[in-house]
Amino acid sequence: MDIRELHPWNLTPAEAIALQKELKEKLKFRPFKSSPRYIAGVDISANLFSHHVYAAAVVWDREENKVIETAFAEGDALMPYIPGLLSFRESPFILQALKQIKTKVDIVLVDGHGYAHPRRLGIASHIGLFVDVPTIGCAKKKLVGEYTELGNEKGSLSNITDKNEIIGAVFRSRTGVKPIFISPGNNIDLTSSIAVIKQTLLKYRIPEPLREAHRHSNIFRKK
DNA sequence: GCGACAG
DNA sequence: ATCTTGTCGC
């Protein structure tokens, strides 16, 4: 897929923070009408305490219920993991993997937050400024904000609020498991993001495209 | 100063 | 983020 070249990635943490505040203004949130067939999932795998990272991009076909394409990229991260700056560590490699995808995907799911970020530019939003399709952030833990505890049953949903603004949602994807954290990346709103995530859930806590991206990045790393 | 802190 | 079998709970 086509990848835009918005800016360089070799920045200091201070420069990265300034850039996030600037890029946040470019985000668009709008309803996403349609039930997408081709959904990309992206994730990174790495050895503990290593700066060498392995990226995988997969395309999940919702009609056939299977992965129909995969692409990979690896390299040395330009920045260590710093909460709030995850994107500067992972995005260069994720974008490199996405660039090799031939399928015309309808939407991209990213492992991490989108708008639910201290400066409203999590990795899913950041990546969403480099591609021409909507992006959604789906994380396994909270980064910022507050929410009321969910009911234990599948389907329980609650908003994530920060500084008096709704920034995302917490969602119980399966009964009795820890919830997932959903927020719009770019070119999609929260309501549509939740709807799309629900369409990609099969029988596990994590949406299928992201489970597969995680699995493939691990296989890639261990080869 | 203290706690929180995606991957 | 990774390692890792059995085991606890519904």
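The working numbering numbers the first residue of the first sequence as 2 and each following residue consecutively.
Every residue, glycine too, gets a C-beta built ideally from N, C-alpha and C.
- By the 16-neighbour rule on beta-carbons within 10 angstroms, G186 is buried.
- In this structure, the beta-carbon distance from K155 to F182 does not fall below 9 Å.
- Around the beta carbon of G177, fewer than 16 other beta carbons sit within 10 angstroms, so the residue counts as exposed.
- According to the DSSP assignment, I167 belongs to the beta strand (DSSP E) that extends over 166-172.
- Taking a C-beta distance under 9 Å as the contact criterion, V43 and I108 do not qualify as a contact pair.
- The C-alpha of E23 lies about 10 Å from the C-alpha of L122.
- Excluding its 5 nearest sequence neighbours in each direction, S194 has C-beta neighbours in its own chain below 6 Å: I137, I183, P185, listed in chain order.
- Contact check for F89 and A74: beta-carbon distance about 16 Å, past the 8 Å limit, so the pair fails to qualify.
- The alpha-carbon of G76 is positioned some 31 Å away from that of N66.
- DSSP lists no bridge partner for L122.
- For L87, the enclosing alpha helix (DSSP H) starts and ends at 87-100.
- Taking all protein chains in view, the Cβ of P14 is surrounded by fewer than 16 other Cβ atoms within 10 Å, so the residue is classified as exposed.
- A direct Cα-to-Cα measurement between E70 and T149 gives close to 39 Å.
- Short of 6 Å from the beta carbon of P37, and not among the five residues preceding or following it, lie these beta carbons of its own chain, in chain order: D107, I108.
- With 16 or more other Cβ atoms inside 10 Å of its own Cβ, F33 counts as buried.
- Among the bridge pairs identified by DSSP, L110 is matched with G42, I137.
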